Amino acid sequence: MSNQHPELFHRHKLNPILTAADWPYPVNSVFNPGAALLPDGTTLLLCRVEDRRGHSHLCAARSANGVDGWKIDAEPTLRPDPVHFPEELWGIEDPRITWVPELRKFAVVFTTFSREGPGVALALTEDFHSFERFGEIMSPDDKDAALMPSRLGDYWALIHRPVNGPEANIWISYSSDLRHWGSHKIMLAARRGSWWDANKIGLSTPPVETARGWLVIYHGVKITGAGCIYRLGLALFDLHTPEKCLKRGDEWVFGPEEPYERQGDVDNVVFPCGYTVNSDGDTLNIYYGAADSSIALATGSIRAMLEWLDQRA
Ligand code: BMA
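Our numbering numbers the first residue of the sequence shown as 3 and each following residue consecutively.
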């Protein structure tokens with residue numbers, strides 16, 4: 003491995019794999035998808051779709067190989083419902099999906115958007131056709147949240163990103179019933195100054211369980227004179243006490259380089275919300291929004307990411 007710039011994420015040659023032009027109804031943009039592997043091996047992406055008012059909803063796309071041949075729901079799969087959930091007035095965004103074996107359901111955690119700002123909502127589903135909505139579980143300003151797949155002791159754990167003035171750090175909170183959350187703890191803090199992950203960070207995909215701990219891909223937002231740059235970094239957390247950070251890389255591992263990542267509705271953004279793991283147990287397929295305009299795929303090896311953390315953190 004070169005000391006210079008080891009490539010941990012490999013872009014798919016068919017990128018971007020999904021764009022607004024693929025949609026069965028008129029939309030502005032498709033990006034920031036959550037991902038799940040269904041029991042029959044189908045890859046499901048729950049895509050954030052921005053309509054031509056600027057409001058987002060979620061729409062499922064299914065593919066046998068996770069790369070092409072997508073079958074996209076003819077209508078929005080999960081729409082904002084501001085009558086019952088006023089926090090969804092201006093849309094729902096950026097879903098993270100976790101398979102929860104105890105419930106035999108997928109937990110979809112997404113961002114709500116309204117006058118109050120962004121918040122975090124939860125819905126459970128078995129099939130991505132019908133959803134049991136729990137409503138808002140974290141009040142504004144909060145986003146970039148995912149449920150951990152199983153209880154730690156008696157408690158469910160939610161990773162999320164509240165905003166505190168100029169700071170936005172990654173937190174973890176606990177609940178016995180998925181509705182009432184407490185024992186809030188900081189999990190990873192943004193750095194300061196000129197760092198790539200200064201001031202504002204957030205969880206990207208749900209954490210990846212490994213024998214060595216929870217591998218977390220997170221985004222950092224660097225504010226420059228020309229705008230923000232969204233890049234990705236790696237950290238490892240204790241399996242039993244996930245607020246305990248074991249390793250954190252100093253350098254970003256993936257950032258906007260290709261034209262579809264550099265230019266779009268929001269320039270210079272790579273923003274993954276989901277992954278699937280291949281049957282080898284090692285290859286991650288990371289689905290990410292590119293420049294808030296399209297959906298792209300990068301693959302990486304869990305083992306290589308852990309080795310990188312061993313060498314660099
Ligand atoms: C973040 C999120 C993402 C978006 C990104 C870049 O704050 O809201 O949905 O992709 O900004 O615009």
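Quick reminder that beta carbons are idealized off the backbone N, C-alpha and C, glycines included. Keep in mind that this is a model prediction, so the values were computed, not measured.
Through-space distance from residue j to residue i, alpha-carbon basis
i: lysine 73; j: serine 65; result: 6 Å
i: alanine 22; j: glycine 266; result: 12 Å
i: leucine 80; j: cysteine 49; result: 10 Å
i: alanine 200; j: leucine 190; result: 12 Å
i: tyrosine 236; j: tryptophan 183; result: Rather than tyrosine, the amino acid found at residue 236 in this sequence is leucine. Taking the straight line joining both Cα atoms gives about 26 Å.
i: glutamate 134; j: arginine 314; result: 43 Å
i: isoleucine 99; j: leucine 105; result: 14 Å
i: leucine 308; j: glycine 56; result: 39 Å
i: serine 242; j: aspartate 312; result: Checking the sequence, you will find histidine at residue 242 rather than serine. Those two C-alpha atoms are separated by around 20 Å.
i: serine 303; j: aspartate 284; result: 5 Å
i: aspartate 240; j: aspartate 269; result: 35 Å
i: leucine 154; j: tryptophan 216; result: 13 Å
i: cysteine 61; j: arginine 214; result: 34 Å
i: threonine 316; j: lysine 107; result: The question about residue 316 has no answer, for the chain in this structure spans 3 to 315.
i: proline 18; j: glycine 227; result: 28 Å
i: methionine 3; j: asparagine 287; result: Its pLDDT being 41, under 50, methionine 3 is placed unreliably by the model, and nothing is read from it.
i: aspartate 282; j: proline 103; result: 21 Å
i: glutamate 211; j: tyrosine 176; result: 18 Å
Under the three-state DSSP convention, the category residue i falls into
i: leucine 248; result: strand
i: leucine 39; result: strand
i: alanine 22; result: helix
i: alanine 315; result: coil
i: glutamate 90; result: helix
i: proline 208; result: coil
i: asparagine 166; result: strand
i: glycine 195; result: coil
i: alanine 52; result: In the sequence as presented, alanine is not what sits at residue 52; that position holds glutamate. Looking at glutamate 52 - three-state DSSP - the assignment turns out to be strand.
i: arginine 135; result: strand
i: glycine 227; result: coil
i: leucine 80; result: strand
i: arginine 13; result: strand
i: serine 175; result: strand
i: threonine 243; result: coil
i: arginine 64; result: strand
i: methionine 189; result: strand
Paired residues, beta bridge with residue i - DSSP
i: methionine 140; result: Val122
i: lysine 145; result: Arg163
i: tyrosine 232; result: Val223, Val271
i: threonine 113; result: Glu95, Val122
i: valine 218; result: Ala237
Cut-off 8 Å between Cβ atoms - residues of its own chain near residue i, not counting five sequence neighbours on either side
i: tryptophan 173; result: Ile161, His162, Arg163, Pro164, His186, Lys187, Ile188, Met189
i: glutamate 245; result: Ile174, Lys187, Ile188, Met189, Phe239
i: arginine 13; result: Glu260, Ala298, Leu299, Ala300
i: serine 152; result: Val102, Pro103, Glu104
Contacts around residue i, its chain only, beta-carbon distance under 7 Å, and the 5 residues preceding and following it disregarded
i: proline 168; result: Asn201
i: glycine 119; result: Pro142, Asp143
i: leucine 248; result: Gly215, Leu238, Phe239, Asp240
Close-in-space but distant-in-sequence residues of the same chain around residue i (CB under 6 Å, 5 per side omitted)
i: arginine 233; result: Trp198, Gly222, Trp254, Gly257
i: glycine 291; result: Phe33, Asn34, Phe273
i: valine 271; result: Tyr232, Ala293, Asp294
i: leucine 180; result: Trp158
Could you name each continuous alpha helix (DSSP H) segment of 4 residues or more that falls completely within the segment 261-310, going from the start of the chain to the end? 261-264
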